[in-house]
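Using my numbering, read the sequence shown as starting at 1016 and increasing by one per residue. Beneath this line is the structure, given in structure tokens, with notes to follow.
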Amino acid sequence: MPGTSETECTVRLPERRTHTATCDDTFSGDATVHCPLSLDARFVRSCQRCPRFEREVFSGAQAWVECRVPLAAADPHGSCGELMSPEVTCLDSELDAERAAEFLEFAGVTSAPVLDDNCVLVGIVSTTSLARVRLGSGLRLEVEDAMSTQVVTLTQQATLGEAARLMASRGVDRVPIVTDDGHLVGVISAMDLVRWLATRLP
Ligand code: SF4
């Protein structure tokens, strides 16, 4: 049972969604929040069974979970898990390269994490690399033929400073966030860091 109301407060946890384009032209995905107690991603459907859960709120394009936690846990830790982008576009590694390029164009992004059947991150692919393999061969090619497997990642517990330093040293503006066993839970972008700074700088 949660503790007394004097020592707790309600926190608002923004939902994150991954949209993965799959081989059968469907999109799989699930909503998660960053749990301030376990400091990792939790499916919203599992939060609904948690005794601390209060409600799920939808407002325009945004959605969040409200739950009661001890005051000490309510303060932000400044971690990547707290600040991840709300929407992540992903591709199934076996998706046709032509379809993948169309999907990225539709989603308005120039690169995307690539997942295997178990939602484990196996690479990253860009519109440029997809175009290169499509031009270079008359064969039917898949996303895994175009992806790079050299992907830098961070965990949810990594600090925002670590994310900024990694982006600066590797020349990237998006870093996938993964669990210890490699499952993708989100992405942190340079724009996420800029938005966070914008709320704190004078
Ligand atoms: S409802 Fe429970 S599991 Fe979900 S974020 Fe809140 S404390 Fe964590």
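Beta carbons are placed, not taken as given, at the ideal position from N, Cα and C, and that holds for glycine.
{"query": "Length of the line joining the Cα atoms of ASP1162 and ALA1036", "result": "Rather than Asp, the amino acid found at residue 1162 in this sequence is Met. For MET1162 and ALA1036, the distance between alpha carbons rounds to 15 angstroms."}
{"query": "VAL1166: CB within 6 angstroms of a non-hydrogen atom of the ligand SF4", "result": "no"}
{"query": "Cα-Cα separation, LEU1212 to LEU1175", "result": "10 angstroms"}
{"query": "Local Cβ density within 10 Å of PRO1191, reported as buried at 16 or more and exposed below that", "result": "buried"}
{"query": "C-alpha distance - VAL1080 paired with ALA1046, whole-angstrom precision", "result": "10 angstroms"}
{"query": "Segment limits, alpha helix (DSSP H) that includes GLU1117", "result": "1112-1122"}
{"query": "Helix, strand or coil at VAL1209 [DSSP, three-state]", "result": "helix"}
{"query": "Cβ-heavy atom distance, VAL1072 to the ligand SF4, below 6 angstroms", "result": "no"}
{"query": "Check: CYS1105 C-beta below 6 angstroms from any heavy atom of the ligand SF4", "result": "no"}
{"query": "LEU1154 Cβ short of 6 angstroms to the ligand SF4 heavy atom set", "result": "no"}
{"query": "Within 7 angstroms, strictly: CB atoms of ARG1210 and MET1099", "result": "no"}
{"query": "Per DSSP, the bridge partner or partners of ASP1107", "result": "LEU1130"}
{"query": "Cα-Cα separation, VAL1166 to LEU1199", "result": "12 angstroms"}
{"query": "Residues near VAL1193 by beta carbon distance below 6 angstroms, same chain, minus five either side", "result": "LEU1136, THR1168 and LEU1199"}
{"query": "Distance cut-off 6 angstroms: ARG1064 Cβ against heavy atoms of the ligand SF4", "result": "no"}
{"query": "Three-state class that DSSP yields for GLY1096 in the structure shown", "result": "helix"}
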